[in-house]
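Just so you know, the sequence shown maps onto residues 10 to 249 in the working numbering. Don't be surprised by glycine CBs; every beta carbon is placed ideally from N, CA and C. What you are looking at is a predicted structure, and each value in this text was computed from that prediction instead of being measured.
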Amino acid sequence: MAFSSRLLSKSKQVLGSQSILHQGYAIPVCHFAKEAAEPALKGDEMLKNIFLEVKKKFETAIDVFRKEKITIDPEDPAAVAQYAKVMKQAREKADLFSESERIKYTIQSRTQDIPDARTYLLTLKDIRIKRGLNDELGAEAMMFDALEKIEKELKKPLMRNDKKGMSLLMAEFDKINQKIGIRREDLPKYEEQLELKISKAQLEDLKKDALEAMETQKKREEFKDEAMVDTKSLDVRNFL
10 MAFSSRLLSK
20 SKQVLGSQSI
30 LHQGYAIPVC
40 HFAKEAAEPA
50 LKGDEMLKNI
60 FLEVKKKFET
70 AIDVFRKEKI
80 TIDPEDPAAV
90 AQYAKVMKQA
100 REKADLFSES
110 ERIKYTIQSR
120 TQDIPDARTY
130 LLTLKDIRIK
140 RGLNDELGAE
150 AMMFDALEKI
160 EKELKKPLMR
170 NDKKGMSLLM
180 AEFDKINQKI
190 GIRREDLPKY
200 EEQLELKISK
210 AQLEDLKKDA
220 LEAMETQKKR
230 EEFKDEAMVD
240 TKSLDVRNFL
């Protein structure tokens with residue numbers, strides 16, 4: 010049970026150097042509609058419902074881990090792929106976000122009310138930094154340069170409801186995506202690569218945890234054996 014819980018907790022980590030680039034930058038500056046507001050609930054009732062929902066999801070995910078075999082070998086591509094497959098099954102059955110979906114949701118929730126393109130891009134940058142992700146391809150700087158170019162042409166800040174201005178910016182972003190080798194039709198492939206990166210990193214952490222647990226158990230057994238030897242070697246005459 011404890012091991013299964015550790016497996017589930019690892020799925021919450023955020024790893025992979027280009028996840029926001031692939032998920033947010035490849036289809037940049039899009040407008041997200043607000044979700045319908047849910048009926049208001051009293052505090053206690055809301056907390057109870059949240060607890061029951063989380064408990065249900067956790068138990069569903071744990072049930073998947075009990076039935077599937079996990080090989081803790083981060084250097085074996087087959088083991089990494091199998092772990093990623095199990096994690097996907099657990100997420101789907103428990104209705105949990107994948108890392109790609111979590112990033113999309115974060116972007117949606119934090120940007121849906123932003124009126125201008127510059128603040129939108131700054132928010133994307135903030136999300137990337139807080140998640141500890143690197144912009145290895147330099148796309149972020151190019152996107153800000155593109156925005157600067159469009160705003161100079163417009164002679165005013167670019168608002169997201171400006172269809173003409175946004176079309177110009179999207180055309181510039183398409184050029185950037187082409188330059189750095191990102192294609193919208195390849196997004197599913199990027200998501201798969203991200204999940205494999207995450208799975209490998211999680212297996213590395215699990216292997217480290219397992220080795221530490223084994224070492225701790227070994228030391229306990231050695232201490233127990235030494236204590237038993239010391240007890241047997243005592244001369245009872247010293248206590249008479």
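Check whether the Cβ atoms of S176 and A93 lie closer than 8 Å to each other. no
If you drop the 5 nearest sequence neighbours on each side, which residues of the same chain put their C-beta closer than 7 Å to that of I189? L146 and A148
As assigned by DSSP and simplified to three states, the class of A45: In this predicted model, A45 has a pLDDT of only 42, less than 50, meaning its place in the structure is not dependable; the value taken from the coordinates is given anyway. Coil.
Determine the DSSP secondary structure at D53, reduced to helix, strand or coil. helix
Here's a check: name, in chain order, each residue in its chain whose Cβ is nearer than 7 Å to the Cβ of L156, leaving out the five neighbours to either side. A126, R127, L130, L167 and L178
Given a cut-off of 8 Å, decide if V95 and V73 are closer than it, judged by their beta-carbon atoms. yes
Only counting the same chain, and skipping five residues up and downstream in sequence, which positions put a Cβ closer than 8 Å to that of Q98? V73 and E77
Using a threshold of 8 Å, state whether the C-beta atoms of E213 and P86 are closer than that. no
Measuring only the C-alpha atoms, how far is N58 from Y199? 35 Å
Count the other C-beta atoms from every protein chain shown that fall within 10 angstroms of the C-beta of G141, then say buried if there are 16 or more, exposed otherwise. exposed
By alpha-carbon positions, which one of D122, I123, Q187 and F67 ends up nearest to M152? Q187
D104 versus E181 - alpha carbon distance: 37 Å
Where R119 and K164 are concerned, what is the direct C-alpha to C-alpha distance, given to the nearest angstrom? 27 Å
Cα-Cα separation between K66 and K113, rounded to whole angstroms: 21 Å
Is A222 closer than 8 Å to I81 when the C-beta atoms are compared? no
Find out if the Cβ-Cβ distance for the pair I116, I138 is shorter than 8 Å. no
So is the beta-carbon of Q226 under 7 Å away from any non-hydrogen atom of the ligand MG? With respect to small molecules bound, the structure shown includes none, and the ligand MG cannot be examined in it.
Per-residue DSSP class, three states only, for D125: strand
Beta strand (DSSP E) runs wholly inside the segment 76 to 116, at least 3 long, in chain order: none
In angstroms, rounded to a whole number, what distance separates the CA positions of T132 and A150? 14 Å
Take G33 and list the residues in its own chain whose beta-carbon comes closer than 6 Å to its own, dropping the five residues that flank it on each side. The pLDDT assigned to G33 is 37, lower than 50, so where the model puts this residue is not dependable, and the model offers no usable value.
If you count every other CB in all the chains shown that lies within 10 Å of the CB of L61, and 16 or more means buried, which is it? exposed
With distances taken Cα to Cα, identify the nearest neighbour of K102 among K173, D171, D122 and I71. I71
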